[in-house]
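Enquirer:
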Amino acid sequence: MKRLDAGAIERELSRLGAPLGRPLTVVEETASTNDDARSAAASGAPHGAAFLADAQTQGRGRGGRAWHSPPGENLYLSLVLRPRLPASSIAPIALVMGLAVASVVERRLAPTGSGGVPGDRPAAEVRLKWPNDVLAGGRKLAGILVEAQLRGDAVSSLIVGVGLNVHTRSFPPELSSRATSLALLGQGGVPRESLAAELIQAMGGAAVRFEAERLAAFAEELARMDWLRDRRVEVAGVAGVAAGIDPEGHLLVRGADGVLRAVAAGEVSVISS
1 MKRLDAGAIE
11 RELSRLGAPL
21 GRPLTVVEET
31 ASTNDDARSA
41 AASGAPHGAA
51 FLADAQTQGR
61 GRGGRAWHSP
71 PGENLYLSLV
81 LRPRLPASSI
91 APIALVMGLA
101 VASVVERRLA
111 PTGSGGVPGD
121 RPAAEVRLKW
131 PNDVLAGGRK
141 LAGILVEAQL
151 RGDAVSSLIV
161 GVGLNVHTRS
171 FPPELSSRAT
181 SLALLGQGGV
191 PRESLAAELI
201 QAMGGAAVRF
211 EAERLAAFAE
221 ELARMDWLRD
231 RRVEVAGVAG
241 VAAGIDPEGH
251 LLVRGADGVL
261 RAVAAGEVSV
271 ISS
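Per the UniProt record's numbering, the sequence shown starts with residue 1, numbered consecutively.
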């Protein structure tokens, strides 16, 4: 098992000119990188501080569900962000960070010999499943967990956690039919250090765009990446056909009565025809 090399991540961040990712903390094992980042943020960690671990003992996804976090295989990464935003504006940030992660893995999965040129058809179609999952070939490749700390009606800090399956080739039985990894998609040799730096750079750029223009800056990307669109779904007691994502980050669902409803949060079930 090759441990994450903090020095290699630092060098990649410098090569990319990434403004975030410092200070960088890399540990062999932790309960949760999001917990580490949240504690550091409460103690004054600056915008852009990054926390990574080779393994998590209590990794979690949305809704407190456990996140498969074996040692030495994948990326478990959390960033401290301190955007100048009102609390009422931050709901779509998980979508924005999901798009950033999706852009990185889409380039990695571009056909061999293409050089990752934008527009190339990837080996597996990369899409975003509202509200926070990155899929490749219809299976979950990464998840985003955003946790906010508020001060009145302002955002004190945002903790953005990413779990990205990189080298895992065997998942637990309950995940094997719906999870995938870069290794299973033919990218088993990718260094986690370069991926971590690319993710930090992409997430930092997305945060700047969101702070300046909100979700409107990502409308075209969201429309292209929306995996749920035109699928029959049920979420938060609403059933119908997914019809896109609105400017506030709500999932739009058109019911059998033709009425378009906006869903702010919930677990989506895709209904088989």
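Note that beta-carbon positions come from the ideal geometry of N, C-alpha and C, so glycine has one too.
All values derive from a computational prediction rather than experimental measurement.
Can residue 259 and residue 242 be called in contact, C-beta distance under 7 Å?
Expert: If you number the sequence shown from 1, residue 259 lands on position 259. If you number the sequence shown from 1, residue 242 lands on position 242. In this structure, residue 242 does not lie closer than 7 Å to residue 259 by Cβ.
Enquirer: Out of 25, 263, 4, state which residue places its alpha-carbon closest to the alpha-carbon of residue 71.
Expert: Here residue 71 refers to the residue found at position 71 of the sequence shown. The shortest C-alpha separation from residue 71 is found at 4.
Enquirer: Output needed for residue 128: all residues of its chain with C-beta closer than 8 Å, excluding positions within five of it in sequence on either side, in chain order.
Expert: Within the sequence shown, numbered from 1, the residue matching residue 128 stands at position 128. So the qualifying residues of the chain are 95, 98, 99, 102, 134, 135, 222, 225, 226, 227.
Enquirer: Are the CB atoms of residue 38 and residue 200 within a distance shorter than 7 Å?
Expert: If you number the sequence shown from 1, residue 200 lands on position 200. If you number the sequence shown from 1, residue 38 lands on position 38. Cβ distance not < 7 Å, so residue 200 and residue 38 don't count as in contact.
Enquirer: Smallest Cα separation from residue 190: which of 53, 107, 81?
Expert: Position 190 of the sequence shown, counted from the start, is the residue given in the question as residue 190. Ranking the options by Cα distance to residue 190, first place goes to 107.
Enquirer: Specify the secondary structure class of residue 187 as computed by DSSP and reduced to three states.
Expert: Here the question's residue 187 lines up with position 187 in the sequence shown. Reduced to three states, the DSSP call for residue 187 is coil.
Enquirer: Figure out for me which residue from 147, 211, 19 has the closest Cα to the Cα of residue 41.
Expert: Against the sequence shown, residue 41 aligns to sequence position 41. Among 147, 211, 19, the Cα nearest to that of residue 41 belongs to 147.
Enquirer: Can you give the beta carbon distance from residue 210 to residue 219, rounded, assuming they're within the 8 Å contact cut?
Expert: Within the sequence shown, residue 210 is the residue found at index 210, counting from 1. Within the sequence shown, residue 219 is the residue found at index 219, counting from 1. With 8 Å as the limit, residue 210 and residue 219 do not qualify as a contact, their Cβ atoms being about 12 Å apart.
Enquirer: In whole angstroms, what is the alpha-carbon distance linking residue 80 and residue 256?
Expert: Here residue 80 refers to the residue found at position 80 when the sequence shown is read from its first residue. Here residue 256 refers to the residue found at position 256 when the sequence shown is read from its first residue. Each residue's Cα considered, the two are about 42 Å apart.
Enquirer: Going by DSSP, name the residue or residues bridged to residue 161.
Expert: Counting from one through the sequence shown, the residue named residue 161 turns up at place 161. 78, 145, per the DSSP bridge assignment.
Enquirer: From residue 213 to residue 207, what does the alpha carbon distance come to, in whole angstroms?
Expert: Counting from one through the sequence shown, the residue named residue 213 turns up at place 213. Counting from one through the sequence shown, the residue named residue 207 turns up at place 207. Looking at the two C-alpha atoms, the distance is approximately 10 Å.
Enquirer: Taking 7 Å as the threshold (C-beta atoms), are residue 77 and residue 162 in contact?
Expert: Position 162 of the sequence shown, counted from the first residue, corresponds to residue 162. Position 77 of the sequence shown, counted from the first residue, corresponds to residue 77. For residue 162 and residue 77, yes; Cβs fall inside 7 Å.
Enquirer: Over the uninterrupted beta strand (DSSP E) stretch that includes residue 133, give me the two end residues.
Expert: One-based indexing of the sequence shown puts residue 133 at position 133. Looking at the DSSP string, the run of the beta strand (DSSP E) that includes residue 133 is 133 to 136.
Enquirer: If residue 16 sits next to residue 50, beta carbons under 8 Å apart, how far is it from one beta carbon to the other, in whole angstroms?
Expert: Stepping through the sequence shown from its first residue, residue 16 is reached at position 16. Stepping through the sequence shown from its first residue, residue 50 is reached at position 50. Going by Cβ atoms, the distance from residue 16 to residue 50 rounds to 13 Å, so no, they are not a contact pair.
Enquirer: If we require 4 or more residues per run, which alpha helix (DSSP H) segments fall completely within the segment 189 to 224?
Expert: 192 to 213
Enquirer: Taking C-beta to C-beta, are residue 137 and residue 124 nearer than 7 Å?
Expert: Counting from 1 along the sequence shown, the entry for residue 137 is found at position 137. Counting from 1 along the sequence shown, the entry for residue 124 is found at position 124. Closer than 7 Å, so yes.
Enquirer: Buried or exposed for residue 58, going by 16 or more other Cβ atoms inside 10 Å?
Expert: Translated into positions along the sequence shown, residue 58 becomes position 58. It is exposed - the Cβ of residue 58 has fewer than 16 other Cβ atoms within 10 Å.
Enquirer: Residue 263 and residue 235: beta carbons closer than 7 Å?
Expert: Here residue 263 corresponds to residue number 263 of the sequence shown, with the count starting at 1. Here residue 235 corresponds to residue number 235 of the sequence shown, with the count starting at 1. Their beta carbons are under 7 Å apart, which means residue 263 touches residue 235 by this criterion.
Enquirer: Using CA atoms only, rank isn't needed, just tell me which of 48, 75, 55, 53 is closest to residue 82.
Expert: Here the question's residue 82 lines up with position 82 in the sequence shown. Cα-wise, what sits closest to residue 82 is 48.
Enquirer: Closer than 8 Å by C-beta to residue 117: which residues in its own chain qualify, once you throw out the five before and the five after it? Chain order, please.
Expert: As a position in the sequence shown, residue 117 is number 117, starting the count at 1. Residue placement at residue 117 is flagged as unreliable, the pLDDT there being 49, under the threshold of 50; a coordinate-derived value is accordingly withheld.
Enquirer: Going by the CB atoms, is the gap between residue 74 and residue 180 shorter than 7 Å?
Expert: Taking the sequence shown and counting its residues from 1, the one referred to as residue 180 is at position 180. Taking the sequence shown and counting its residues from 1, the one referred to as residue 74 is at position 74. Result no, Cβ atoms of residue 180 and residue 74 do not sit closer than 7 Å.
Enquirer: Expressed to the nearest angstrom, what Euclidean distance is found between the alpha-carbon atoms of residue 249 and residue 141?
Expert: Residue numbering aside, residue 249 sits at position 249 when the sequence shown is read from its first letter. Residue numbering aside, residue 141 sits at position 141 when the sequence shown is read from its first letter. Using only the alpha carbons, I get a separation of about 21 Å.
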